[in-house]
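Undergrad:
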Amino acid sequence: MVNFFSTDSELVPVEGYDLIGDVHGCATTLENLLQKLGYKKIQSVYQHPKRRVIFLGDIVDRGPNIREALLLVHAMVQKGSAHMVLGNHEYNALTYCEKIKHSAASNCQYLRPHNPANCALIAETLEQFSDYPNEWSEMLEWFKTLPLFMEFGSAQQGNMFRVVHACWDHDIVAHHKSIFGDGHFDENFLHQSVCTNTAESHAIQVLTRGVVFPLPDGVKVVTQEGHVRSTFRTKFWAEKAETYGDLLFQPDPIPAEIAALPIAQDHRSKMVRYGLDQPPLFVGHYWLKGNPKPITNNIACLDYSAVKYGRLVAYRMDGEQQLQTKKFVWEYVDP
Ligand SMILES: [Mn+2]
27 MVNFFSTDSE
37 LVPVEGYDLI
47 GDVHGCATTL
57 ENLLQKLGYK
67 KIQSVYQHPK
77 RRVIFLGDIV
87 DRGPNIREAL
97 LLVHAMVQKG
107 SAHMVLGNHE
117 YNALTYCEKI
127 KHSAASNCQY
137 LRPHNPANCA
147 LIAETLEQFS
157 DYPNEWSEML
167 EWFKTLPLFM
177 EFGSAQQGNM
187 FRVVHACWDH
197 DIVAHHKSIF
207 GDGHFDENFL
217 HQSVCTNTAE
227 SHAIQVLTRG
237 VVFPLPDGVK
247 VVTQEGHVRS
257 TFRTKFWAEK
267 AETYGDLLFQ
277 PDPIPAEIAA
287 LPIAQDHRSK
297 MVRYGLDQPP
307 LFVGHYWLKG
317 NPKPITNNIA
327 CLDYSAVKYG
337 RLVAYRMDGE
347 QQLQTKKFVW
357 EYVDP
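Numbering (the working numbering), first residue to last: 27 to 361.
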């Protein structure tokens, strides 16, 4: 058994990590999954004597028991029983509720505009916290302390792995580390991240939402959820990609005539390559379906659409550098 040293302040030896994908308010399923993984409620916080959970972000929005899920995860992180990286939905919540400084000249009061689409996305979360305003403020303050990415283990010991909500981009991570030392960010970063064409907005976009390309010539597609999209989500790992169809990484198809088009040069330069020789990487975010398995030998996505009655998925990580299908564990979400 590999002994990791956790990043907990007390430096408890940790034998392994259980990574969990997007919860989106599925609190009951999360409790069932934690129990299946051997975590027990001690002083009302789920804990394991030898293991820690790593949440991949997106605990809030969409699901039935958002407040319960968030309080459960928050309590685990506070106790040192879990880690968490920021998901795009936590980032949305944070910027939706954070006021712009000196906004006298602007008619937009908040970092994230309160337009109908943004309001609808967060409505259920705000509704569930409406009787608990102090709790919600505490959650927002906590979101500000969450890292955008994390690294565990060590390259020397051969048990290193990485965690980010949507996409690991070496250049963005290196730049961020050169300023902040790790994946954490500050208030200035947050405020810069809502401005167009800043390094901060680019970092948030890629790390928490992935590499998204526009569909050419104003083409729009209607998703399975009924949303109209003019963009599509792409793969970010090393693979031979010649056409847009080769790059596609989302449940919804794009029109066949566009899928067959060769990738334009300016898009090629924006493609992110996570090499097969890199340490294992865990992401959430992508609404996968079917039987959980690694995407490549070193990349696993753990979002299997729990909130759409899919599966809430965990990976039991013991430091192996080749990810294994048998190490996925899940709970079905009962309609
Ligand atoms: Mn997400």
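Note that beta-carbon positions come from the ideal geometry of N, C-alpha and C, so glycine has one too.
Considering Cα atoms alone, identify which of Arg342, Asp48 and Val355 is closest to valine 40.
TA: Valine 40 has its Cα closest to that of Arg342, out of Arg342, Asp48 and Val355.
Undergrad: For methionine 27, which residues in the same chain have their Cβ closer than 6 Å to its Cβ, ignoring the five residues on either side in sequence?
TA: Note on methionine 27: pLDDT 39, under 50, position unreliable in the model; the coordinate value appears next. Within the same chain, methionine 27 has close Cβ partners Glu41.
Undergrad: Counting C-beta neighbours from all protein chains within 10 Å, is the total for tyrosine 65 16 or more, i.e. buried, or is it exposed?
TA: So tyrosine 65 counts as buried.
Undergrad: Using 7 Å as the cut-off, classify the Cβ of aspartate 87 as near or not near the heavy atoms of ligand 1, replying yes or no.
TA: For ligand 1, not one heavy atom lies less than 7 Å from the Cβ of aspartate 87.
Undergrad: Histidine 293 and phenylalanine 258 - do their beta-carbons sit closer together than 8 Å?
TA: Going by C-beta atoms, phenylalanine 258 is not nearer than 8 Å to histidine 293.
Undergrad: Return the chain-ordered ranges of every beta strand (DSSP E) run that is complete within the region 93-144 and spans a minimum of 3 residues.
TA: Segments of the beta strand (DSSP E) lying fully in the region 93-144: 108-110.
Undergrad: Any idea what DSSP makes of alanine 326, helix, strand or coil?
TA: The answer is strand: DSSP assigns alanine 326 an E or B state.
Undergrad: Please go through the region 148-221 and give each complete alpha helix (DSSP H) segment of 4 or more residues, from N-terminal end onward.
TA: Qualifying alpha helix (DSSP H) stretches, in chain order: 159-169, 196-206 and 213-218.
Undergrad: Could you check the C-alpha separation between tryptophan 162 and leucine 152 for me, to the nearest Å?
TA: Those two C-alpha atoms are separated by around 8 Å.
Undergrad: Between valine 254 and valine 248, is the Cβ-Cβ spacing less than 8 Å?
TA: Cβ distance < 8 Å, so valine 254 and valine 248 count as in contact.
Undergrad: Just to confirm, are leucine 328 and glycine 316 a CB contact at a threshold of 8 Å?
TA: Their beta carbons are not under 8 Å apart, which means leucine 328 does not touch glycine 316 by this criterion.
Undergrad: Does at least one heavy atom of ligand 3 sit under 7 Å from the Cβ of aspartate 197?
TA: Judged by which ligands are present, ligand 3 is missing from the structure shown, whose ligands are ligand 1.
Undergrad: Could you compute how far the alpha carbon of phenylalanine 155 sits from the alpha carbon of glutamate 164?
TA: Going from the Cα of phenylalanine 155 to the Cα of glutamate 164 covers about 11 Å.
Undergrad: With hydrogens ignored, establish whether the beta-carbon of aspartate 278 is closer than 7 Å to any heavy atom of ligand 1.
TA: No - ligand 1 has no heavy atom lying nearer than 7 Å to the Cβ of aspartate 278.
Undergrad: Given this structure, state the Cα-to-Cα distance separating leucine 112 from leucine 172, to the nearest angstrom.
TA: The alpha-carbon atoms of leucine 112 and leucine 172 are separated by roughly 6 Å.
Undergrad: If we call anything under 8 Å between Cβ atoms a contact, is valine 86 one with arginine 138?
TA: Against a cut-off of 8 Å, the Cβ pair of arginine 138 and valine 86 comes out as no contact.
Undergrad: Starting from the C-beta of isoleucine 46, find all residues in its chain whose C-beta is less than 8 Å away, skip the five residues before and the five after it, and write them out in chain order.
TA: Counting only Cβ-Cβ distances below 8 Å, and skipping sequence neighbours, we find Leu56, Leu59, Val79, Ile80, Phe81, Leu82, Leu328, Leu338, Val339 and Ala340.
Undergrad: Please find out if some non-hydrogen atom of ligand 1 comes closer than 7 Å to the beta-carbon of proline 191.
TA: Contrary to the premise, residue 191 reads as histidine rather than proline in this sequence. Checking every heavy atom of ligand 1 against the Cβ of histidine 191, one is found closer than 7 Å.
Undergrad: Report back the beta-carbon spacing between proline 320 and leucine 349 to the nearest angstrom; my notes put them in contact at under 8 Å.
TA: About 4 Å separates the two Cβ atoms, so the contact holds.
Undergrad: In the DSSP assignment, find the unbroken alpha helix (DSSP H) run with alanine 267 in it and report its ends.
TA: No alpha helix (DSSP H) holds alanine 267; DSSP gives it neither H nor E.
Undergrad: Run the CB neighbour count on tyrosine 358, radius 10 Å, all protein chains shown included, and call it buried at 16 or more, exposed below.
TA: Classification of tyrosine 358: exposed, given that the 10 Å Cβ count is below 16.
Undergrad: Apply the 10 Å Cβ neighbour rule to aspartate 360 and answer buried if 16 or more other Cβ atoms are within range, or exposed otherwise.
TA: The residue in question, aspartate 360, is exposed, as its Cβ has fewer than 16 Cβ neighbours within 10 Å.
Undergrad: Provide the residue span of the alpha helix (DSSP H) that contains aspartate 44, from first to last.
TA: Note, aspartate 44: premise wrong, no alpha helix (DSSP H); beta strand (DSSP E) at 42-46.
Undergrad: Helix, strand or coil for glutamine 250, going by three-state DSSP, please let me know.
TA: It is coil, neither helix nor strand.
Undergrad: Output the distance between the C-alpha atoms of threonine 222 and aspartate 84, rounded to the nearest integer angstrom.
TA: Approximately 24 Å, taken between the alpha carbons.
Undergrad: Is it buried or exposed, glutamine 69, if we count other Cβ atoms within 10 angstroms and call 16 or more buried?
TA: By the 10 Å Cβ count, glutamine 69 comes out exposed.
Undergrad: Are the CB atoms of tyrosine 117 and tyrosine 136 within a distance shorter than 8 Å?
TA: No, the Cβ-Cβ distance between tyrosine 136 and tyrosine 117 is not below 8 Å.
Undergrad: Give every residue of the same chain whose Cβ lies closer than 7 Å to the Cβ of aspartate 148, excluding the five residues on either side of it in the sequence, and list them in chain order.
TA: Before going on, a small fix: residue 148 reads as isoleucine here, not aspartate. The answer, listed in chain order, is Asp87, Asn118, Ala119 and Tyr122.
Undergrad: So is asparagine 160 buried or exposed if we call it buried at 16+ other beta carbons inside 10 Å?
TA: Counting Cβ neighbours within 10 Å, asparagine 160 comes out exposed, since fewer than 16 surround it.
Undergrad: Tell me, please, whether the region 89-98 touches the region 205-219 by the rule of three or more beta-carbon pairs shorter than 8 Å.
TA: Too few Cβ pairs lie closer than 8 Å, so no.
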